[in-house]
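Novice: Below is one structure. I have some questions about it.
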Amino acid sequence: LRENGGDVPEYLDPLDGFAWRRAITDYALPASPRRAAQLDRLSRWTSPTWQVHFAAVEALIAEVQSVGQYEAEHSTAAGPKGPRSWFDDRRTAAIR
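And the structure:
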């Protein structure tokens with residue numbers, strides 16, 4: 004989503020029910036400053052062109068391949084982490 008949505012969406016922790024409740028309540032109030040700020044951000048958003056979209060997809064594929072290559076070159080069979088652990092740790096850190 005970040006590649007496409009940029010700074011338009013609010014990136015809330017999916018497990019933070021209180022934050023979601025606050026966001027939904029704020030968005031439901033027509034005079035809410037939070038809602039007004041979101042509508043302002045949304046008014047400036049444009050969808051990416053196919054060229055920009057596929058450039059982002061290709062960059063992601065290259066990154067995934069790079070991680071796989073790194074894991075293949077640096078992992079040991081007896082290591083405590085499997086081939087996806089670096090990616091999973093990185094994804095989890097990005098959510099925080």
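The numbering used here numbers the first residue of the sequence shown as 4 and each following residue consecutively. Beta carbons: idealized from backbone N, C-alpha and C, even for Gly. A quick note: this is a predicted structure, and the numbers were derived from the prediction, not measured.
Below 8 angstroms between beta carbons: does that hold for A26 and E13?
Specialist: Cβ distance < 8 angstroms, so A26 and E13 count as in contact.
Novice: Do R38 and L45 have their CB atoms nearer than 8 angstroms?
Specialist: In this structure, L45 does not lie closer than 8 angstroms to R38 by Cβ.
Novice: Please list the terminal residues of the continuous alpha helix (DSSP H) segment that includes D43.
Specialist: From DSSP, the alpha helix (DSSP H) with D43 extends over P36 to S46.
Novice: Would DSSP call Y14 helix, strand or coil?
Specialist: Here Y14 sits in coil by DSSP.
Novice: So, are the CB atoms of W53 and V11 less than 8 angstroms apart?
Specialist: Their beta carbons are not under 8 angstroms apart, which means W53 does not touch V11 by this criterion.
Novice: Per DSSP, what kind of secondary structure is D19 in: helix, strand or coil?
Specialist: In this structure, D19 counts as coil in the three-state DSSP scheme.
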